[in-house]
Structure formats: C-alpha cells, structure tokens
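Protein sequence lines correspond, in order, to chains A and B. As numbered in the working numbering, residues 1 to 191 make up the first sequence, in order. As numbered in the working numbering, residues 192 to 382 make up the second sequence, in order. A quick write-up on the structure given underneath.
2 protein chains.
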Amino acid sequence: MAGDEGTREAGARRTREALLVAAAEVFVERGVQAPVRDIAGRAGVGVGTVYRHFPERAELVVAVYRHQIDDCVALAEELRESPDPGEALDQWIGAFVEFLVTKHGLGVALQSDDAGLQSLHSLMLDKLVPACGLLVERAVARGELDPAVTAYALMRAVGNLCLLGPGYDREDAQAMVERLLAGCRSTHGGQ
Amino acid sequence: MAGDEGTREAGARRTREALLVAAAEVFVERGVQAPVRDIAGRAGVGVGTVYRHFPERAELVVAVYRHQIDDCVALAEELRESPDPGEALDQWIGAFVEFLVTKHGLGVALQSDDAGLQSLHSLMLDKLVPACGLLVERAVARGELDPAVTAYALMRAVGNLCLLGPGYDREDAQAMVERLLAGCRSTHGGQ
DNA sequence: ACTTTAGCGGAACAGTGTTCCGCAAACAAA
DNA sequence: TTTGTTTGCGGAACACTGTTCCGCTAAAGT
Chain A
1 MAGDEGTREA GARRTREALL VAAAEVFVER GVQAPVRDIA GRAGVGVGTV
51 YRHFPERAEL VVAVYRHQID DCVALAEELR ESPDPGEALD QWIGAFVEFL
101 VTKHGLGVAL QSDDAGLQSL HSLMLDKLVP ACGLLVERAV ARGELDPAVT
151 AYALMRAVGN LCLLGPGYDR EDAQAMVERL LAGCRSTHGG Q
Chain B
192 MAGDEGTREA GARRTREALL VAAAEVFVER GVQAPVRDIA GRAGVGVGTV
242 YRHFPERAEL VVAVYRHQID DCVALAEELR ESPDPGEALD QWIGAFVEFL
292 VTKHGLGVAL QSDDAGLQSL HSLMLDKLVP ACGLLVERAV ARGELDPAVT
342 AYALMRAVGN LCLLGPGYDR EDAQAMVERL LAGCRSTHGG Q
C-alpha cells in the first residue's frame, strides 16, 4: 500500500521525483541542453542514479514535459465542445504558444532532430496531434479553416515560430502565430 | 600579384579554399553540427590547420554561408526597383526559403543561440535585414503589408518556419510561409 | 649558409553523454 | 539469527566533441 515510507522501493520513487523536480528547474534556468551532471547535483545524487531511472538523457526530458503536454491535451478536450470552432482553435493555439514560450525548452526539444528526442516527438504525435486535430477538423467543417491545413503541420509550424532568440521575443512569436493563423483561414481570394 | 603559385602564402590560401569547400560539402551532408575532425579529414589537413584559419568552429560556419547570404542581398537589390512591391517581396521571400531549405544547415545556424554563431546573426542583421527592409517598406507604402511587420521579425519567423524535420518537409515549410505572408498583408477585416 | 617565421599535423586538454563496477542496505531464505 | 540475493546508489572510467599546444618542415629573409 501507500504507506511504505522506509522501503527501498519508496526511496527509489523519492529520488525519481527529486530528479524530475531538479530537471524541471534546471531546464527552465539553463535550457534543455543543460549537463546531466548539473541535474544530478541539484537532485543530490550521482550521475549513475540518473541513468538508472532514465537510461537516456532524452527520456528524462520527455518525462519532464509529459504531464505538461497532458495539460494541453486536457485543454483541447475542454474546448472541443465549443460552439465556435474557429474561436476554440484560436484559444487552444494561444495556450499552446503560451506553454511553448514559457517553458522555452520544449520548443527547442520539439524542433531538435536528436534521435533520442524522437520519443517526445511521437508523444506529440500520439497525444497532441489528435487533440488538436479535432479542433482543426471542426473548424474546417465550418469553413473557418483551409482544408489543406493539417494539425501536424500547423503544430509544427507554431512550434517553430515559438523558438525565441535575441531580438525575437515572446510578443513577436505571438504576433507571428496570429498572422499564420490568419493565413490558414479559408482563402477568400483566388487560387 | 596573382601568379605566386609556389609561395607559402599561396599554399595557405589554397588550404583555406579547400577547407571552405570541404566544410560546405560536409554541412549539406551531415548538417552544421558535423565534427571539425571530419571537415579537416575531408580537406586533407589536420585539425590544427582548421583552427589556424578559423580560430573558432563558428567562424568557419559563417565563412561558408557568407557569400550565399550575399547572393540573397544581391537578389533583393535586383528586386528593389520592381513596379509591384508586394510581388517583389513574395519573390524574394520565396528565394530565401529555397535557400534555407536547400542548405538546411543555415536555418539551424540562424536559430541557434550559440554565442559564437552570433556573428552569423549580426551578419544577417547587417546585410539581409536592410536588404529585405527596403522591400518591406515599399510594400507597406503601397498598403500591401501590415505596417506592424518588421523586416527582422519577418525574416526570423520565416527562418524558423524553414526548420525541417520528420513529417515536416520542404513543401510544408513553403506552404506555411505563404500563409504567414498572407497573414502579414494589411488586415482588411476588423481589429 | 644561417636565422627567422609561417603554416602545418597531431597529441593533449577540457567538457559533454554514457557505461561500468563495487558497495551498502533492504529483502528473502535457512 | 545468519546467510545469501537483489536493488539502488555513487562516482570513476570511456567515447566523442571543441580547442589548445608544441615540435617540425620548408619558405622567406639576412
């Protein structure tokens, strides 16, 4: 049961939690590419312990962002009953952007072609894309979105637009995403 | 003069050229993050020689892309007399996208916050932004572009949209850039 | 002819991710 | 309890990066 405070297994679970907390902190402070040793140090454990719980560095990254991704999915499910699909999509993308821009590590991680971060990629494919896809479909059905837009490409593009840098900050990213969305609405004009 | 075939200086210039050629090849084959040793090997020199000519790895990257950036600037200057500024901007952005997508290393390099690649960044600031800025200004003057759009943010956004990955290829990037541009045109509609 | 110096190659150093191995403590068996 | 087994742990060790350093050769200078 849940009261196994002193057992070996409980201890392991505690260090795992400590690692997740430490990693999340270090990621926001120094980015996703922060050294494993720093994370281990912050959690007060040795590097070996990190690899015991997360065989690859990338798995730790994925674990850190997983529940945050789940939050995005949850929001999409809330919005999926909305009477105004276009507005719902806007809202959701807005939240997604907020998320990407705040935990600025995720944007980099999503873009990275690191083979290990593939799992994060497929996590997005498995969860985020279907969730977003529903909103997209409904918007398309109402004629509020160009049918050629796929949920995947859209999310990918939004993710890329949220990669910040010197002279290109949060507001710029938000503005550009808005413009992109405007361009994704059904083309009134020709061709 | 130019006929110093056997001099020491001429030899140095030759190895420098060989390095640039080798680096360009390696960059398209394996990306900008390819190991220095591979480049040295391809050029048939030792690593020390690479660092003699390019004190930091990043300087080599900059040198490789510099003249390709110059090509983009030249195109912008050609187009700046065009009677249709909106069309001209479209054409130029199209060429820029083609460029980014082909030498796919540059996109990564431009996005990277690597301190050393700052010089590439400022190269873009110094040359590309003014060149593009002219086209943007003219398009704005004709009312074909939202005045709130700055050349820098636009190029930055386009650069980000051109970061490819599995399931997000050249065509996706091109389509998304077109949509972004559509969203940058003067907002007919409300707010 | 002798000295100086530019250009070069590659060993050596430093910082990453990752693996390996010995150890101590919790558990299982006797 | 005593003995053996397993789990979780720490940190040294390894492989692969960028980068520096140093000795060597041959051209340039005297």
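Just so it is clear, CB atoms sit at the ideal spot from N, CA and C, and this is done for glycine as well. Note that the structure is predicted; figures quoted are calculated from it, not measured.
Residue i vs residue j beta-carbon contact at 8 angstroms
| i | j | result |
| --- | --- | --- |
| A/V28 | A/G107 | no |
| A/A173 | A/C184 | no |
| B/A342 | B/V327 | yes |
| A/L134 | B/M367 | no |
| A/Q68 | A/L79 | no |
| A/L117 | A/A109 | yes |
| B/L319 | B/C263 | yes |
| A/V50 | A/A40 | yes |
| B/T206 | B/V227 | no |
| B/P266 | B/A286 | The identity of residue 266 of chain B in the sequence shown is Leu, whereas the question assumes Pro. In this structure, B/A286 lies closer than 8 angstroms to B/L266 by Cβ. |
| B/G358 | A/Q111 | no |
| A/L123 | A/R66 | yes |
| B/A373 | A/A18 | no |
Any chain B beta carbon closer than 8 angstroms to residue i
| i | result |
| --- | --- |
| A/D172 | yes |
| A/A182 | yes |
| A/R231 | The structure shown does not extend to residue 231 of chain A, since chain A is modelled only from 1 through 191, so no value can be given for it. |
| A/R142 | no |
| A/M176 | yes |
| A/Q91 | no |
Cβ of residue i within 8 angstroms of any chain A Cβ
| i | result |
| --- | --- |
| B/S259 | One point to set straight first is that residue 259 of chain B is Gln, not Ser, in the sequence displayed. Not closer than 8 angstroms to any Cβ of chain A, the Cβ of B/Q259 fails to qualify, so no. |
| B/A344 | yes |
| B/A348 | yes |
| B/G237 | no |
| B/Y256 | no |
| B/G358 | yes |
| B/L352 | yes |
| B/R370 | yes |
| B/Q382 | For B/Q382, the predicted structure reports a pLDDT of 40, less than 50, and the residue's modelled location is therefore unreliable. The matter cannot be settled from this model. |
Under the three-state DSSP convention, the category residue i falls into
| i | result |
| --- | --- |
| A/G11 | helix |
| B/G356 | strand |
| B/P246 | coil |
| A/A148 | coil |
| B/E268 | helix |
| A/S119 | helix |
| B/A322 | helix |
| A/Q191 | Reliability of the predicted coordinates at A/Q191 is poor, the pLDDT of 40 falling under 50, and the value obtained from them is presented with this limitation in mind. A/Q191: coil per DSSP, three-state reduction. |
| B/Q224 | coil |
| A/G48 | helix |
| A/R156 | helix |
| B/G277 | helix |
| A/A2 | Confidence is the limiting factor: at A/A2 the pLDDT is only 46, short of 50, which leaves the residue's position unreliable and the question unanswerable from this model. |
| A/G143 | coil |
| A/D114 | coil |
| B/R370 | helix |
| A/R185 | coil |
Buried versus exposed call for residue i [16 or more other C-beta atoms within 10 Å across all chains shown]
| i | result |
| --- | --- |
| B/G239 | exposed |
| A/H121 | buried |
| A/P83 | exposed |
| A/G159 | buried |
| B/R347 | buried |
| B/P276 | buried |
| A/R138 | buried |
| B/A322 | buried |
| A/A208 | The first residue shown for chain A is 1 and the last is 191, placing residue 208 of chain A beyond what the model contains. |
| A/A242 | There is simply no residue 242 of chain A to check, as chain A begins at 1 and stops at 191 in what is shown. |
| A/R57 | buried |
| B/A234 | buried |
Please confirm if the stretch 18-25 of chain A is in contact with the stretch 61-81 of chain A, defined as three or more CB-CB distances below 8 angstroms between the two stretches. Yes: at least three Cβ pairs fall under 8 angstroms.
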